[in-house]
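Residue numbers (UniProt numbering): 1 to 342.
We put the CB at the ideal spot given by N, CA and C, even for glycine.
Remarks on the structure that follows.
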């Protein structure tokens, strides 16, 4: 799985061989190695070297998620750094950073129903997420800084982009994707959710049998403690999911030539300054015959963004054909827009 720049920006480290030591009650300590090209999330764990064989260390009393993605075989594995910096390799996704089992993560979850069949999408109780973040903040200054910001502020560019909420647009788009008016089949499609936050669109795509699913959010803290939790409590194998974090400009470069059949994004056009980055990310990562879907409000009062302004920017670039696919009947209309390459 991919790791991207964060604040302060750090380049993701690439190694050609990974060696980890496994501790378990029923086997001797032994190395596990891979010779594939890997990218790891260096949020809290730094390589001791960048030679062919790299080892990793972390805080001696922490439990942290470290994501590794094998680009050749699409193998995704979860490595948990546990007490005294030993390593365990997990083949499943029953634990999150913080070491909590699924039963606790699923405590009193929220639930929304979408589509004619009322497909249930669960997302974590706010208290559970806050507890996860508070525990992590004891040793992670990035999480601590975000918690301090959230005490007095909400969305702020370059710090927090609203990922700890479930927005109306995500539910609008989920309902559209399940409606007869949607021309795409999620089953078997490679799906990329931009600005995922809760990740409910990725969760829905997974439930519908999609191929690859890649989730992007600005904040790695959001991905670690909200997005991932929601996949787990919806009984989705976390090994099938890839996560990337960072600014859209950085994500565009990090994903390289990777492209997707379907791109989904909701409530991501509230800041006009970000239109070029969002547009370029969608254009670079959408397959030639793919479809991108944007759910948004007509106006974002107080922050300056609007659907009209974004569509104007799209037209000036001349790379996408935009079509309104759905409109709400609310006092502040919301729409679902389909973007296809010209």
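Judging by CA-CA distance, which residue of 294, 187, 246 is the nearest neighbour of residue 170?
Position 170 of the chain shown holds residue 170. For the residues 294, 187, 246, the minimum Cα distance to residue 170 belongs to 294.
Report yes if the CB atom of residue 192 is closer than 8 angstroms to the CB atom of residue 260, and no otherwise.
Locating residue 192 in the chain shown gives position 192, counting from the first residue. Locating residue 260 in the chain shown gives position 260, counting from the first residue. Yes. Within cutoff.
Around the Cβ of residue 128, are there at least 16 other Cβ atoms within 10 angstroms (buried) or fewer (exposed)?
Walking along the chain shown from the start, residue 128 turns up at place 128. Buried, since its Cβ has 16 or more Cβ neighbours within 10 Å.
Under the assumption that residue 176 contacts residue 336 (Cβ atoms under 8 angstroms), give the Cβ distance between them as a whole number of angstroms.
Position 176 of the chain shown holds residue 176. Position 336 of the chain shown holds residue 336. Indeed, because the Cβ distance is near 5 angstroms, the residues count as touching under 8 angstroms.
Please state whether the Cβ-Cβ distance between residue 212 and residue 187 is less than 8 angstroms.
The residue labelled residue 212 in the question sits at position 212 within the chain shown. The residue labelled residue 187 in the question sits at position 187 within the chain shown. Not a contact, by the Cβ cut-off of 8 angstroms.
Given that a residue counts as buried once 16 or more other Cβ atoms are within 10 Å of its Cβ, and exposed if not, what is residue 325?
Numbered from 1 along the chain shown, position 325 holds the residue referred to as residue 325. Buried: at least 16 other Cβ atoms inside 10 Å.
For a test of the three-state rule: what should DSSP assign to residue 208, helix, strand or coil?
For the purposes of this step, residue 208 is taken as residue 208 along the chain shown, with counting starting at 1. Residue 208 falls in the coil class under three-state DSSP.
Please name the residue or residues paired with residue 238 in a DSSP beta bridge.
For this step, residue 238 is matched to residue 238 along the chain shown. According to DSSP, which records beta bridges pairwise, residue 238 is partnered with nothing at all.
Beta-carbon separation of residue 229 and residue 255 under 8 angstroms?
Counting from one through the chain shown, the residue named residue 229 turns up at place 229. Counting from one through the chain shown, the residue named residue 255 turns up at place 255. No.
Just to confirm my understanding: we take residue 114, look at its own chain, exclude 5 residues before and 5 after, and list those with CB closer than 8 angstroms. What are they?
As a first step, residue 114 must be located in the chain shown, where it is residue number 114. Closer than 8 angstroms at Cβ, skipping near neighbours: 121, 171, 174, 175, 178, 204.
Quick one: what's got a C-beta closer than 6 angstroms to residue 111's C-beta in the same chain, skipping five residues either side?
Here residue 111 refers to the residue found at position 111 of the chain shown. Cβ neighbours of residue 111 beyond the five flanking positions: 120, 122.
Shortest alpha-carbon distance to residue 136 belongs to which of 224, 267, 165?
Locating residue 136 in the chain shown gives position 136, counting from the first residue. The shortest Cα separation from residue 136 among 224, 267, 165 belongs to 224.
List in chain order: all unbroken alpha helix (DSSP H) runs of 4+ residues lying wholly within the region 298–329.
Correct list: 307–317.
Going by C-alpha to C-alpha distance, which of 143, 167, 246, 132 sits closest to residue 267?
Taking the chain shown and counting its residues from 1, one reaches residue 267 at position 267. Of 143, 167, 246, 132, the residue nearest in Cα terms is 167.
Which stretch, first to last residue, makes up the beta strand (DSSP E) that contains residue 227?
Here residue 227 corresponds to residue number 227 of the chain shown, with the count starting at 1. That residue, residue 227, is in no beta strand (DSSP E); it is neither H nor E in DSSP.
By Cβ distance below 7 angstroms, which residues in the same chain neighbour residue 299 in space, the five residues on each side in sequence not counted?
Residue 299 sits at position 299 when you count from the first residue of the chain shown. These residues qualify, in order along the chain: 306, 332.
Kindly indicate which three-state DSSP category residue 270 falls into: helix, strand or coil?
Reading the chain shown from its first residue, position 270 is the one you call residue 270. Coil, per DSSP.
According to DSSP, what are the bridge partners of residue 120?
Here residue 120 is taken as the residue at index 120 of the chain shown, counted from 1. Note: residue 120 sits in a beta bridge opposite 113.
Is it the case that the Cβ atoms of residue 316 and residue 280 are separated by a distance below 8 angstroms?
On the chain shown, position 316 is the one that residue 316 refers to. On the chain shown, position 280 is the one that residue 280 refers to. Contact: no.
Alpha carbon to alpha carbon, what distance is there between residue 164 and residue 322?
Indexing the chain shown from 1 puts residue 322 at position 322. Indexing the chain shown from 1 puts residue 164 at position 164. Going from the Cα of residue 322 to the Cα of residue 164 covers about 29 angstroms.
Compute the Euclidean distance between the alpha carbons of residue 145 and residue 338, then round it to the nearest angstrom.
To locate residue 145, count along the chain shown from 1; it is residue 145. To locate residue 338, count along the chain shown from 1; it is residue 338. Cα to Cα, residue 145 sits roughly 37 angstroms from residue 338.
Would a C-beta distance cut-off of 8 angstroms place residue 334 and residue 297 closer than the cut-off?
As a working mapping, residue 334 is identified with position 334 in the chain shown. As a working mapping, residue 297 is identified with position 297 in the chain shown. For residue 334 and residue 297, yes; Cβs fall inside 8 angstroms.
Could you spell out where the beta strand (DSSP E) holding residue 191 opens and where it closes?
For the purposes of this step, residue 191 is taken as the residue at position 191 of the chain shown. Residues 191–194.
Hey, quick one: how far does the beta strand (DSSP E) through residue 217 stretch, first residue to last?
Along the chain shown, one-based indexing puts residue 217 at 217. Per DSSP, residue 217 belongs to the beta strand (DSSP E) from 213–217.
Could you pull the DSSP bridge partners for residue 244 from this structure?
The count along the chain shown starts at 1 and reaches residue 244 at position 244. Paired residues: 216.
To which residues does DSSP link residue 293 through a beta bridge?
Along the chain shown, read from residue 1 onward, the residue named residue 293 stands at position 293. Looking at the DSSP assignment, residue 293 forms a beta bridge with 264, 338.
Under the DSSP definition of a beta bridge, which residues are partnered with residue 286?
Along the chain shown, one-based indexing puts residue 286 at 286. Bridge partners of residue 286: 260.
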